[in-house]
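The C-terminal position of the sequence shown is numbered 227 in the working numbering, with every residue numbered one higher than the one before it. Using N, Cα and C, we set each Cβ at its ideal position, and we do this for glycine too. Report on the following structure.
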Amino acid sequence: MSERTLVVISAGVGTPSSSQLLADRLAQASQRVLATAGAPVEVRHIELRTLASDLAHHLTSHVPSPALADAYAAVGRAVGVIVVSPVFNASYSGLFKMFFDLLDEGTMASRPVLLAATGGTARHSLVIDTALLPLFHYLKAAIAPLGVFAATGDWGDPSGHLGKRIEAASRAFAELVVERPGTDVADEFDVDIDFTDLLRG
Numbered sequence: 027m028s029e030r031t032l033v034v035i036s037a038g039v040g041t042p043s044s045s046q047l048l049a050d051r052l053a054q055a056s057q058r059v060l061a062t063a064g065a066p067v068e069v070r071h072i073e074l075r076t077l078a079s080d081l082a083h084h085l086t087s088h089v090p091s092p093a094l095a096d097a098y099a100a101v102g103r104a105v106g107v108i109v110v111s112p113v114f115n116a117s118y119s120g121l122f123k124m125f126f127d128l129l130d131e132g133t134m135a136s137r138p139v140l141l142a143a144t145g146g147t148a149r150h151s152l153v154i155d156t157a158l159l160p161l162f163h164y165l166k167a168a169i170a171p172l173g174v175f176a177a178t179g180d181w182g183d184p185s186g187h188l189g190k191r192i193e194a195a196s197r198a199f200a201e202l203v204v205e206r207p208g209t210d211v212a213d214e215f216d217v218d219i220d221f222t223d224l225l226r227g
């Protein structure tokens, strides 16, 4: 896996999943914006439903499976992380919380993160501010200023408001990724020239 990788974590439990769909849209938009900014990334998707039994075993045994250890290592190497959880009882899902409960302390510190959630109606939209935001503040992540909540009705909305919110949030997130120390931005005018060869004519 490339050192410049964007990790996308979705906690949807169904197939298909609206959380996974939102995660895909955010990943595509962020990847496109970063490429335009001269900071291209690869994308690594982590679907927590496929790690549910691994997480439960790790919680009780304190030993991560190879698949779970690989997922945590990917987060630790990521230049940025996109997280999407469905809303359960006005909060993120238990599966989502378990993944971050078992993540090594300090892994998310100063790491750019884009927060997103899905739910049945817009009345759940405050979950980003009331649940996700406090969690990632505690983890000391560098949180993008715009999050995205997608209700069921947003997917068929002909106004395209969801797409506009995805684009705006992805741009704000990409700015954090580019500004993070250690992120190299390609310079289209930076040409590798052997001046010895030039002097030889």
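For the beta strand (DSSP E) holding residue i, just list the boundary residues, first then last.
i, result
"Ile35", "31-36"
When DSSP labels each residue in this structure, what does residue i get in the three-state scheme?
i, result
"Thr178", "helix"
"Thr86", "helix"
"Ser136", "coil"
"Gly102", "helix"
"Ala170", "coil"
"Ser111", "strand"
"Ser185", "coil"
"Ser79", "helix"
"Thr261", "The shown model of the chain, from 27 to 227, leaves out residue 261, and the question about it has no answer."
For the alpha helix (DSSP H) that residue i lies in, which residues bound it at each end?
i, result
"Gly120", "120-127"
"His163", "159-164"
What are the partner residues of residue i, as DSSP defines its beta bridges?
i, result
"Ile192", "Paired residues: none, contrary to the question."
"Leu141", "Val109"
"Ser117", "Phe114"
Taking 8 Å as the limit between beta carbons, can you name the residues of its chain near residue i, skipping five residues before and five after?
i, result
"Ile108", "Leu32, Val33, Val34, Ile35, Ala49, Leu52, Ala53, Ser56, Val139, Leu140, Ala142, Phe199"
"Gly120", "Phe114"
"His163", "Ile169"
Under 7 Å between C-beta atoms, does residue i make it to chain D?
i, result
"Ala78", "Although the question refers to chain D, the structure presented lacks it and comprises just one protein chain."
Whose C-beta lies closer than 7 Å to the C-beta of residue i among residues of the same chain, with five residues either side of it excluded?
i, result
"Asp155", "none"
"Ala176", "Ser44, Leu48, Thr144, Leu188"
Excluding five sequence neighbours on each side, which residues of the same chain lie with their C-beta closer than 6 Å to the C-beta of residue i?
i, result
"Ile72", "Ile35, Ala97"
"Leu165", "Met134"
Any alpha helix (DSSP H) of 4 or more consecutive residues that is wholly inside the region 38-76:
44-62
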